[in-house]
Amino acid sequence: MEKGSAGVKHGSSSPWGEEHLIPLAEFLQKLEVNENGLSEEEAACRLLKCGPNLLEDAGKENILKRYFRQFRNFFSILLIVGAALSFLGEHLDPGQGNIYIGIALVGVVFLNGTFTFIQEYQAVKTMESFRQLLPPHAKVLRDGNLRYVLASELVPGDVILLEEGDKVPADGRLIEINSLKVDNSALTGESEPQLRSLECTHSNLLECRNMVFSGTLVQSGNGKAVIFATGHDTQIGSLATLTEQTSSVDTPIRKELNHFIKIISAIAISLGVTFFLLAFFLQDIFLASLIFAIGIIVANVPEGLLPTVTLALSLASRRMASRDALIKQLESVETLGSTTVICTDKTGTLTQNRMAVNSLIIGFEILEPDKSSIYQDGIKAQDINKNVKKGPAEKVADSTNIAGSGETEISAASSPVIYMEKIPPAFIRVAGLCNNAKLYESPPGYTGDPTEGALLVFANSFMDIRGLQGKYQRLEEFPFDSLTRRMEVICRTPEGELEAYLKGAPEVVVQMCTSVMEAGVVRELDESGKKELLERDLRLAEKGERVIALAFRKAEDLKEYTGGFVFLGFIGIVDPPRPEAREAIARCHAAGIKVVMITGDHPVTAESIARNVGLAGSGKPEIITGDELKSLSRKELASRLKNPSIVFARTSPVQKLKIVQLFQAEGEIVTMTGDGVNDAPAIKNADMGVAMGSGTDVAREAADMVLLDDNFATIVNAVEEGRTVFDNIKKFIVYILASNIPEILPFIAFVLLSIPLPMPVQLILAIDLGTDILPAIALGVEKGEGDIMERPPRRKDEKLLTPQVLLTAYGVKGPIEAAAGFFCYFAVLSEGGWTFGERLANTNPLYMQAITAFFSAVVICQIANVFASRTGTQSVFSVGLLKNRLVLLGIASELFILALIIWNPFANLIFNTAPIELRYMLLSVPFAVLLLGVDELRKYLLRKNIKWATRLFKW
Numbered sequence: 001m002e003k004g005s006a007g008v009k010h011g012s013s014s015p016w017g018e019e020h021l022i023p024l025a026e027f028l029q030k031l032e033v034n035e036n037g038l039s040e041e042e043a044a045c046r047l048l049k050c051g052p053n054l055l056e057d058a059g060k061e062n063i064l065k066r067y068f069r070q071f072r073n074f075f076s077i078l079l080i081v082g083a084a085l086s087f088l089g090e091h092l093d094p095g096q097g098n099i100y101i102g103i104a105l106v107g108v109v110f111l112n113g114t115f116t117f118i119q120e121y122q123a124v125k126t127m128e129s130f131r132q133l134l135p136p137h138a139k140v141l142r143d144g145n146l147r148y149v150l151a152s153e154l155v156p157g158d159v160i161l162l163e164e165g166d167k168v169p170a171d172g173r174l175i176e177i178n179s180l181k182v183d184n185s186a187l188t189g190e191s192e193p194q195l196r197s198l199e200c201t202h203s204n205l206l207e208c209r210n211m212v213f214s215g216t217l218v219q220s221g222n223g224k225a226v227i228f229a230t231g232h233d234t235q236i237g238s239l240a241t242l243t244e245q246t247s248s249v250d251t252p253i254r255k256e257l258n259h260f261i262k263i264i265s266a267i268a269i270s271l272g273v274t275f276f277l278l279a280f281f282l283q284d285i286f287l288a289s290l291i292f293a294i295g296i297i298v299a300n301v302p303e304g305l306l307p308t309v310t311l312a313l314s315l316a317s318r319r320m321a322s323r324d325a326l327i328k329q330l331e332s333v334e335t336l337g338s339t340t341v342i343c344t345d346k347t348g349t350l351t352q353n354r355m356a357v358n359s360l361i362i363g364f365e366i367l368e369p370d371k372s373s374i375y376q377d378g379i380k381a382q383d384i385n386k387n388v389k390k391g392p393a394e395k396v397a398d399s400t401n402i403a404g405s406g407e408t409e410i411s412a413a414s415s416p417v418i419y420m421e422k423i424p425p426a427f428i429r430v431a432g433l434c435n436n437a438k439l440y441e442s443p444p445g446y447t448g449d450p451t452e453g454a455l456l457v458f459a460n461s462f463m464d465i466r467g468l469q470g471k472y473q474r475l476e477e478f479p480f481d482s483l484t485r486r487m488e489v490i491c492r493t494p495e496g497e498l499e500a501y502l503k504g505a506p507e508v509v510v511q512m513c514t515s516v517m518e519a520g521v522v523r524e525l526d527e528s529g530k531k532e533l534l535e536r537d538l539r540l541a542e543k544g545e546r547v548i549a550l551a552f553r554k555a556e557d558l559k560e561y562t563g564g565f566v567f568l569g570f571i572g573i574v575d576p577p578r579p580e581a582r583e584a585i586a587r588c589h590a591a592g593i594k595v596v597m598i599t600g601d602h603p604v605t606a607e608s609i610a611r612n613v614g615l616a617g618s619g620k621p622e623i624i625t626g627d628e629l630k631s632l633s634r635k636e637l638a639s640r641l642k643n644p645s646i647v648f649a650r651t652s653p654v655q656k657l658k659i660v661q662l663f664q665a666e667g668e669i670v671t672m673t674g675d676g677v678n679d680a681p682a683i684k685n686a687d688m689g690v691a692m693g694s695g696t697d698v699a700r701e702a703a704d705m706v707l708l709d710d711n712f713a714t715i716v717n718a719v720e721e722g723r724t725v726f727d728n729i730k731k732f733i734v735y736i737l738a739s740n741i742p743e744i745l746p747f748i749a750f751v752l753l754s755i756p757l758p759m760p761v762q763l764i765l766a767i768d769l770g771t772d773i774l775p776a777i778a779l780g781v782e783k784g785e786g787d788i789m790e791r792p793p794r795r796k797d798e799k800l801l802t803p804q805v806l807l808t809a810y811g812v813k814g815p816i817e818a819a820a821g822f823f824c825y826f827a828v829l830s831e832g833g834w835t836f837g838e839r840l841a842n843t844n845p846l847y848m849q850a851i852t853a854f855f856s857a858v859v860i861c862q863i864a865n866v867f868a869s870r871t872g873t874q875s876v877f878s879v880g881l882l883k884n885r886l887v888l889l890g891i892a893s894e895l896f897i898l899a900l901i902i903w904n905p906f907a908n909l910i911f912n913t914a915p916i917e918l919r920y921m922l923l924s925v926p927f928a929v930l931l932l933g934v935d936e937l938r939k940y941l942l943r944k945n946i947k948w949a950t951r952l953f954k955w
């Protein structure tokens with residue numbers, strides 16, 4: 001460990017430009033601070049003077065730019081072209097009402113763009129509010145005491161503590177380091193993390209290794225730094241280019257929507273051009289043909305789709321947030337629904353993250369009866385919070401009865417009095433001093449790594465760890481490494497001697513030992529002894545315990561030792577499975593999702609835990625070790641990945657990336673969980689990266705979703721939500737597209753049959769942006785169907801707009817609605833004395849009543865359609881007609897708009913409608929019932945797996 005020191009005389013100015021060059025004493029003097037940090041009062045004063053340590057979001061898009069971006073999609077362009085054609089028609093033949101159509105279309109473009117913008121803006125604000133639920137914190141010394149404060153409250157002069165996984169909260173100069181490596185790639189582009197130093201190594205501030213900078217990431221080691229710049233005064237805050245750059249990658253749902261827009265636009269343009277030419281050649285009237293083309297284009301464009309999709313995703317993300325899953329990017333909600341493999345950590349995700357010492361082996365002596373798996377009867381974890389607050393003398397022996405076994409287990413964690421004589425002091429020293437966790441008054445009794453926390457609380461039950469840490473000064477640390485699987489520290493004893501303390505994986509530590517301590521006596525450890533020790537380790541592992549080996553030796557120098565240690569013993573640590581994990585894994589299996597557990601534990605421990613959480617099923621899981629990952633060929637690994645139950649054991653976090661890539665190479669959609677620094681590459685490269693809320697800043701930065709409760713069941717709930725979102729988007733696409741047919745066919749009949757136009761453009765817009773909007777939104781919040789987690793994941797290449805979707809909307813529902821419209825239309829004309837071939841002026845009351853009847857028939861059929869569209873395969877009657885209250889509100893809005901357009905004089909003027917008798921509207925009800933009945937028949941055939949129906953209508 002390196003430490004800088006300086007005497008301090010308080011000055012008045014802050015250093016700028018030479019922070020890395022000046023002596024440390026001068027640096028501290030200029031900031032008016034010492035190594036114990038600022039006082040609370042001084043920090044509060046500086047916060048008022050300097051302002052909060054905040055930056056505007058990098059890549060934040062200008063609000064006006066974001067607004068005008070809404071008008072670049074194909075739908076808007078088509079409507080703008082339609083408006084331009086309308087204005088052209090008005091110019092060529094004034095007084096025909098084309099100007100009102102043009103104005104209406106321009107209004108639609110702006111209304112649609114504004115509504116979509118509002119939804120996106122609210123979605124962005126929602127995402128920002130989610131991020132505020134996980135504000136960055138910093139560890140800071142105030143009045144010489146360690147405090148956890150919001151990073152925004154840091155001020156120049158604060159002394160901060162940095163540990164592996166932290167995101168550096170502000171610019172600072174290092175005053176103490178311990179193997180500290182920082183990734184500066186966000187600032188300098190350096191791909192490799194750089195080892196830090198207390199010395200000035202470069203004249204360039206950014207290149208100098210005695211500095212740390214806001215936004216960079218601590219990859220390993222730890223240290224202390226004094227803050228000299230916050231907020232916009234930091235290096236990252238001064239780089240204007242970083243705040244101007246934006247980079248976005250289209251999510252699957254965005255790609256699908258773009259694909260949908262292109263297809264629908266192509267259909268609209270093709271039909272518009274085709275029938276324009278047809279109308280022109282048949283009737284030789286350019287202007288009428290032009291208006292006709294406009295109508296065809298408008299009828300094909302589902303104007304309300306984009307805002308409806310955005311709103312559905314936004315509502316889904318809010319529902320997920322209420323279930324402890326925070327989505328960082330709105331459209332990532334849907335990606336979860338296509339997941340085929342979930343790679344999950346064990347600790348804290350499948351287990352409760354309540355690490356507790358359960359078993360002890362001192363030398364060769366087992367201090368705990370040999371029993372079957374500790375999980376079978378739900379043994380309670382130790383009350384580690386009590387261990388922090390009580391001293392050794394206050395604790396009494398405790399025992400836990402194993403139900404049905406007739407045996408009594410001695411809990412090593414809660415029986416210090418019993419073991420005081422049997423446990424050598426060196427054993428406690430290693431557990432408490434070779435440890436980076438810190439005791440904490442609040443549950444769970446420590447801060448830091450859960451395994452180290454359990455060891456620390458255990459050691460504290462025998463002796464005062466804080467006092468021990470004061471007597472045995474740590475001089476050097478060689479941090480735990482996923483490759484070496486060990487941690488080593490060198491401390492100075494009260495007698496002035498040096499001792500090296502070692503903890504790590506049993507197979508690693510045992511091989512580094514040449515002797516063993518038994519009953520306080522050190523004797524030689526031969527190969528047979530090592531083999532016997534590893535067999536005892538295996539017995540603990542078989543019960544699902546994480547086993548840590550402890551050893552020590554005398555030291556001569558401050559260097560890392562690789563041999564000559566005295567073996568002290570094993571500590572078996574338990575972490576009970578989450579009660580809900582088994583059911584969640586069963587739901588995944590039912591949904592065709594493979595759950596893969598990744599752990600650094602021994603393969604035997606991993607297999608035991610896999611069985612306890614239901615991961616193994618009835619068979620034996622495929623256990624793949626980290627060494628096998630390195631040695632096996634890709635072909636051999638691909639073969640083993642086909643096993644339905646897979647556990648990766650003794651793997652390092654850096655191997656997670658290889659695991660993700662292996663599954664992706666097999667065509668899987670991978671969701672990867674993680675919480676550590678080394679998990680970040682795998683999280684970032686997975687199709688869906690999931691970070692733990694309790695994890696490192698680095699992991700949360702790389703993830704698409706953050707789990708506030710670190711719970712595997714929450715991931716499964718999120719997968720269900722993702723599937724539901726995709727289903728619901730398809731449902732309201734079918735609902736919206738169905739009304740296109742009764743909007744298109746009137747124009748075709750107008751040209752081919754020379755009848756008065758049954759549905760003018762104004763009424764098409766009244767449907768697309770009036771009556772259809774709220775029911776479509778209601779479909780977007782529909783709950784998932786009962787079998788949604790019993791279906792296999794959707795294919796990677798599955799589209800939103802499939803032939804089956806088009807056939808259902810355009811070939812089944814749409815024609816029924818069109819038939820209803822024409823039936824009511826001709827009923828009004830017939831009773832009014834109209835004869836076929838007779839032309840009617842737009843202002844003719846009979847014509848106005850006829851188009852009103854056509855419009856009302858389509859709206860009434862759409863009411864039946866919204867009920868029918870609530871389910872894809874289940875009967876709508878099985879989910880309850882009245883359960884989705886937003887659907888009922890949507891129907892009420894449809895009826896209100898319908899009544900307004902029929903009976904309001906001002907609306908009559910705008911839409912060229914006229915009041916009609918109720919009996920004409922009721923003529924469409926049988927068609928609405930027919931539509932509902934035909935769709936129920938479609939669903940029935942799908943539930944019966946009728947092949948031709950599945951091929952044609954399953955979407």
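Residue numbers (UniProt numbering): 1 to 955. Using N, Cα and C, we set each Cβ at its ideal position, and we do this for glycine too.
Straight-line gap, P760 to P845 (C-alpha atoms, nearest Å):
Position 760 of the sequence shown, counted from the first residue, corresponds to residue 760. Position 845 of the sequence shown, counted from the first residue, corresponds to residue 845. P760 and P845: Cα-Cα distance of roughly 15 angstroms.
Per DSSP, which residues does K438 bridge with? Please list them.
Mapped onto the sequence shown, residue 438 falls at position 438. For K438, which the question treats as bridged, DSSP gives the partners T447.
Compare the C-alpha of G520 against each of P644, A426, L895 and name the closest.
Against the sequence shown, residue 520 aligns to sequence position 520. Ranking P644, A426, L895 by Cα distance to G520 puts A426 first.
Supposed close pair A778, L886 - CB separation, criterion 8 angstroms:
Numbered from its first residue, the sequence shown carries residue 778 at position 778. Numbered from its first residue, the sequence shown carries residue 886 at position 886. The Cβ separation is near 4 angstroms, so the contact holds.
Cβ-based burial, S754 [other Cβ within 10 Å; buried from 16]
On the sequence shown, residue 754 is found 754 positions in, with the first residue counted as 1. Classification of S754: exposed, given that the 10 Å Cβ count is below 16.
Would you call G157 buried or exposed, if buried means 16 or more other Cβ atoms sit within 10 Å of its Cβ?
In the sequence shown, the residue the question calls residue 157 occupies position 157. When all chains shown are included, G157 counts as buried.
Is the CB-CB distance between A827 and A853 below 8 angstroms?
The residue labelled residue 827 in the question sits at position 827 within the sequence shown. The residue labelled residue 853 in the question sits at position 853 within the sequence shown. For A827 and A853, yes; Cβs fall inside 8 angstroms.
Exposure label - D787; buried when at least 16 CB within 10 Å:
Residue mapping note: residue 787 aligns to position 787 of the sequence shown, counting from 1. It counts as exposed.
For F663, count the other beta carbons within 10 Å of its own beta carbon; 16 or more makes it buried, fewer makes it exposed. Which is it?
As a first step, residue 663 must be located in the sequence shown, where it is residue number 663. With 16 or more other Cβ atoms within 10 Å, it is buried.
Please state whether DSSP places M848 in a helix, a strand or coil.
Indexing the sequence shown from 1 puts residue 848 at position 848. Three-state DSSP puts M848 in a helix.
C-beta contact flag for D575 and T347 at 8 angstroms
Reading the sequence shown from its first residue, position 575 is the one you call residue 575. Reading the sequence shown from its first residue, position 347 is the one you call residue 347. Against a cut-off of 8 angstroms, the Cβ pair of T347 and D575 comes out as a contact.
Output the distance between the C-alpha atoms of M789 and E721, rounded to the nearest integer angstrom.
For the purposes of this step, residue 789 is taken as the residue at position 789 of the sequence shown. For the purposes of this step, residue 721 is taken as the residue at position 721 of the sequence shown. The straight-line gap from Cα to Cα measures roughly 10 angstroms.
Going by DSSP, which residues form a beta bridge with G572?
Locating residue 572 in the sequence shown gives position 572, where the first residue counts as 1. DSSP, once it has assigned bridges, lists S359, V547 as partnering G572.
Buried or exposed for N612, please, with buried defined as at least 16 other CB atoms from any protein chain shown within 10 angstroms of its CB.
For the purposes of this step, residue 612 is identified with residue 612 of the sequence shown, where counting begins at 1. N612 comes out buried.
Rounded to the nearest angstrom, what separates S39 and E153 at their Cα positions?
Working through the sequence shown from its first residue, we reach residue 39 at position 39. Working through the sequence shown from its first residue, we reach residue 153 at position 153. Between S39 and E153, the C-alpha separation is close to 13 angstroms.
Taking buried to mean at least 16 other C-beta atoms within 10 Å of its own C-beta, is I910 buried or exposed?
Position 910 of the sequence shown, counting from 1, holds the residue named residue 910. Per the 10 Å Cβ criterion, exposed.
What's the gap between the Cα of E18 and the Cα of Q235?
Looking up residue 18 in the sequence shown gives position 18. Looking up residue 235 in the sequence shown gives position 235. So the alpha carbons of these two residues sit roughly 13 angstroms apart.
Within its chain, find whatever has a CB closer than 6 angstroms to the CB of E524; leave out the 5 residues flanking it on each side and keep chain order.
Position 524 of the sequence shown, counted from the first residue, corresponds to residue 524. Answer for E524: S515, listed in chain order.
Look up R474 in the DSSP assignment and say whether it is helix, strand or coil.
Here residue 474 refers to the residue found at position 474 of the sequence shown. Three-state DSSP puts R474 in a strand.
Bridge partners for D687 per DSSP, in chain order?
As a first step, residue 687 is located in the sequence shown; it is residue number 687 there, counting from the start. According to DSSP, which records beta bridges pairwise, D687 is partnered with nothing at all.
Where DSSP assigns a beta bridge to L498, which residues make up the other side?
By 1-based counting over the sequence shown, the position of residue 498 is 498. Answer is R492, A555.
Pairwise C-alpha distance: G295 and E743:
As a first step, residue 743 must be located in the sequence shown, where it is residue number 743. As a first step, residue 295 must be located in the sequence shown, where it is residue number 295. Cα to Cα, the separation comes out at about 9 angstroms.
Which residue comes first and which comes last in the beta strand (DSSP E) that contains residue 993?
Residue numbering for the chain in the displayed model covers 1 to 955; residue 993 lies beyond these limits and cannot be assessed.
Between which residues of its own chain and P577 is the CB-CB distance below 8 angstroms, once the five residues before and five after are set aside?
The residue you call residue 577 lines up with position 577 of the sequence shown. Excluding positions up to five away in sequence, the list reads L350, T351, Q352, Y375, I609, N612, V613.
Rounded to the nearest angstrom, what separates W834 and M848 at their Cα positions?
As a working mapping, residue 834 is identified with position 834 in the sequence shown. As a working mapping, residue 848 is identified with position 848 in the sequence shown. Distance between the alpha carbons of W834 and M848 is about 13 angstroms.
Leaving out five residues before and five after A949 in sequence, what residues of the same chain have Cβ atoms less than 8 angstroms from its Cβ?
To locate residue 949, count along the sequence shown from 1; it is residue 949. Result list for A949: R938, L941, L942, in chain order.
Leaving out five residues on either side along the sequence, give the residues of the same chain with a beta carbon under 6 angstroms from the beta carbon of S197.
The count along the sequence shown starts at 1 and reaches residue 197 at position 197. Here the set comprises R209, N210.
Taking Cβ to Cβ, would you say I593 is nearer than 8 angstroms to T873?
On the sequence shown, residue 593 is found 593 positions in, with the first residue counted as 1. On the sequence shown, residue 873 is found 873 positions in, with the first residue counted as 1. No, these two residues do not count as a Cβ contact at 8 angstroms.
Looking at the structure shown, is K642 part of a helix, part of a strand, or coil, going by DSSP?
For the purposes of this step, residue 642 is taken as the residue at position 642 of the sequence shown. Looking at K642 - three-state DSSP - the assignment turns out to be coil, as it is neither helix nor strand.
On the DSSP bridge assignment, give the partners of P577 in chain order.
Taking the first residue of the sequence shown as 1, we reach residue 577 at position 577. For P577, which the question treats as bridged, DSSP gives the partners T351.
Give me the DSSP bridge partner(s) of N148.
Along the sequence shown, read from residue 1 onward, the residue named residue 148 stands at position 148. The sequence as given places Tyr at residue 148; Asn does not occur at that position. In the DSSP output, where bridge partners are listed per residue, Y148 has K139.
Pairwise C-alpha distance: D183 and I891
Looking up residue 891 in the sequence shown gives position 891. Looking up residue 183 in the sequence shown gives position 183. C-alpha separation (whole angstroms): 56 angstroms.
Going by DSSP in three states, V654 sits in which element: helix, strand or coil?
Sequence index remark: in the sequence shown, residue 654 carries index 654 (1-based). Note: V654 maps to coil in three-state DSSP.
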